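For what it's worth, the working numbering labels the leading residue of the sequence shown as 3, then goes sequentially. We put the CB at the ideal spot given by N, CA and C, even for glycine. All values reported here derive from a predicted model rather than from experimental measurement.
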Amino acid sequence: MTTSIPRPRRTPEPPRSQPAPRSEPGRQPSSGPAAIVRVKKIFAAETGNYFLVLGATLFLVVFGLIMVLSSSAVESLTATGGSFGGFLRQGSFALVGIPLMLFAARRSAVFWKKWAGIIMIAAIGLQLLVFMPGIGFAVGGNRNWIHIGSFTAQPSELIKVALVVWISLTLAKKRDSFDNWRELIVPLVPVAGAAIGLVLLGGDLGTVIILAAIVFGALFFAGIKLRFLAAPVIVLGFLGLIAAFATGSRQDRIGQFLNGCKSDAAQACWQTVHGWWALASGGFFGVGLGNSKLKWSWIPEADNDFIFAVIGEELGLLGAILVLALFIVLAIGFVRIIRANRDPFAKVAVSAVMVWIIGQAFINIAVVLGILPVLGVPLPLISAGGSSLVTTLIAIGIVLSFARYAPERQTAPAVAVGARRPSDSRPSGRRPSGQQR
3 MTTSIPRPRR TPEPPRSQPA PRSEPGRQPS SGPAAIVRVK KIFAAETGNY
53 FLVLGATLFL VVFGLIMVLS SSAVESLTAT GGSFGGFLRQ GSFALVGIPL
103 MLFAARRSAV FWKKWAGIIM IAAIGLQLLV FMPGIGFAVG GNRNWIHIGS
153 FTAQPSELIK VALVVWISLT LAKKRDSFDN WRELIVPLVP VAGAAIGLVL
203 LGGDLGTVII LAAIVFGALF FAGIKLRFLA APVIVLGFLG LIAAFATGSR
253 QDRIGQFLNG CKSDAAQACW QTVHGWWALA SGGFFGVGLG NSKLKWSWIP
303 EADNDFIFAV IGEELGLLGA ILVLALFIVL AIGFVRIIRA NRDPFAKVAV
353 SAVMVWIIGQ AFINIAVVLG ILPVLGVPLP LISAGGSSLV TTLIAIGIVL
403 SFARYAPERQ TAPAVAVGAR RPSDSRPSGR RPSGQQR
């Protein structure tokens, strides 16, 4: 009897994948879902706080460009024959500053710790150039500018960024020695004192106030005891009074301010009184964008230190409240990032940037309202000025770099695909050997 051996079954071949049809010339391939996935991967590490700060910053920059166009049109027309000179110049600085902000946002805390000392040395070196003949020059009586070829900059603005990262790193290293004031003096007092002193020698009292605020803000948020801060505050306050009365123009300005600036006849009160007139004429809804009358050479620095007065005149109380609301949103974003971070370096750095930007904004607004004497402090992200805009955007980029990763993402252990989590009580799909199905 012959036994036939069954032939093995032939398994059907898998269907061959057809090559993707070539797209016709001029027609874009439909890659909508793939593009969405790529965008999600790019922003996978970003948090809500990141987008809160980034959104408020970009809104302020765009709003500032619009107001610079309006407030500088008359001056640009007089100087160059065109109305867009100031706007194009400020727009070019924004095109430089925003990519630098995004670049800074992609750096890690390790990067800023590594480069903090070098940034501080570079900033002090550039500030020394303002005293070199042929390179440094004065603007408005303040010798804090450098001119190299066609490049013009204000190094004191870079010192703000340098102080933020350097003092934050120093305090993070010395956080176990906060009870010993001798440990804090070196190197804080020599380095920070040299940086602020060089700016003070140039005569820029407004920037000195902001730099001092950055230092004391960092010390306060780092947890330094208030009794250690009392003596430096008294010393710097005394030096500030000496600097304030060092020149006749400052004496006149402060004296007129203390008397209430009752008339614009006094030269020291000209900006303040005309700023009040601009705000008063704006009313609730404003006279309309571009329709300011006071910017026609009635307010000096209409696109810079007193741009808030033009905002109040053209956009009214609603426009002024919008500016305040945007800075409050920015402050809320800073506070949320501080609370979400565990790194002492990141906490102090974000706190210092918050004191810098929010404090400078309210000082500028207080000057326009007549609450403070004229200090020559611009409105961050809104006023015209390339050095101020670029360095402020870099500082916000540093803040964004600390906001990119949420704490739970930093500390959560990596779980392989298909592995059981510790909290998963369900049995795995694999049965132990020997168990019957």
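| query | result |
| --- | --- |
| Do you know whose CA, among F404, M134, A96 and G204, lies nearest L62's CA? | A96 |
| Going by CA-CA distance only, name the one from V163, L56, L160 and L221 that's closest to S179. | L221 |
| Once DSSP output is grouped into helix, strand and coil, what is the label at F236? | Going by the sequence as given, residue 236 is Ile instead of Phe. Three-state DSSP puts I236 in a helix. |
| For the beta strand (DSSP E) containing A140, list its first residue and its last residue. | G138 to V141 |
| Would V401 be called buried (16 or more neighbouring beta carbons within 10 Å of its own) or exposed? | buried |
| Can you name the residues that DSSP bridges to A155? | I148 |
| Could you tell me whether the Cβ atoms of G378 and G142 are closer together than 9 Å? | yes |
| Could you work out which residue in P380, K175 and V325 is closest to N366 when comparing CA atoms only? | P380 |
| CA-CA distance, R411 and S158? | Because the pLDDT at R411 is just 47, under 50, the model does not fix this residue reliably, and the value given afterwards should be weighed accordingly. Cα-Cα distance, rounded: 37 Å. |
| List the endpoints of the continuous alpha helix (DSSP H) containing E48. | That residue, E48, is in no alpha helix (DSSP H); it is neither H nor E in DSSP. |
| Just to check my reading of the structure: F347 and A174 have Cβ atoms closer than 8 Å, yes? What is that Cβ distance to the nearest angstrom? | 4 Å |
| My understanding is that A342 touches N51, with C-beta atoms under 8 Å, so please give their C-beta distance in whole angstroms. | 6 Å |
| Alpha carbon to alpha carbon, what distance is there between A81 and G314? | 25 Å |
| Please say whether V370 and L281 have beta carbons closer to each other than 9 Å? | yes |
| Could you pull the start and end residues of the alpha helix (DSSP H) that K115 belongs to? | A111 to L130 |
| On the DSSP letters alone, give me the boundaries of the alpha helix (DSSP H) that K176 sits inside. | Run containing K176: none; DSSP gives neither H nor E here. |
| What is the DSSP secondary structure of M69, counted as helix, strand or coil? | helix |
| Roughly how many angstroms separate the alpha carbons of G219 and V392, rounded to a whole number? | 22 Å |
| Answer yes or no: do V201 and N261 have a C-beta to C-beta separation smaller than 9 Å? | no |
| Leaving out the 5 sequence neighbours to the left and right, which residues in its chain are closer than 6 Å to G66 when beta-carbon positions are compared? | L383 and I384 |
| With DSSP collapsed to three states, give me the class of C263. | coil |
| As a quick exercise: from G119, P101 and A214, pick the residue whose alpha carbon is nearest that of F240. | A214 |
| Mind the definition here: the region 283 to 291 touches the region 320 to 337 only if three or more C-beta pairs lie below 8 Å; say whether that holds. | yes |
| By Cβ distance below 7 Å, which residues in the same chain neighbour W298 in space, the five residues on each side in sequence not counted? | V76 |
| Could you tell me the distance, in whole angstroms, from the CA atom of V352 to the CA atom of G335? | 10 Å |
| Among residues of its own chain, excluding the 5 on either side of F364, which ones have a beta-carbon nearer than 8 Å to its beta-carbon? | F329 |
| Would you kindly check if the distance between the Cβ of D305 and the Cβ of S94 is under 9 Å? | no |
| My assumption, with CB atoms under 8 Å, is that L332 sits in contact with I373. Please give the rounded CB distance. | Actually they do not touch by this definition, with Cβ atoms about 21 Å apart. |
| In angstroms, rounded to a whole number, what distance separates the CA positions of F224 and K176? | In the sequence as displayed, the identity of residue 224 is Ala instead of Phe. Their backbone Cα atoms lie some 10 Å apart in a straight line. |
| From G387 to Q92, what distance separates their C-alpha atoms? | 7 Å |
| Let me know the secondary structure DSSP gives N366 once reduced to three states. | helix |
| Taking only the alpha-carbon atoms, compute the straight-line gap between K115 and E185 and give it to the nearest angstrom. | 20 Å |
| How many Å lie between G83 and S152 at the Cα? | 21 Å |
| Please classify L243 as buried or exposed, where buried requires at least 16 neighbouring CB atoms within 10 angstroms. | exposed |
| If contacts are defined as beta-carbon pairs under 8 Å, then M134 and G399 qualify, I think. What distance do you get, rounded to the angstrom? | The Cβ separation is near 30 Å, so there is no contact. |
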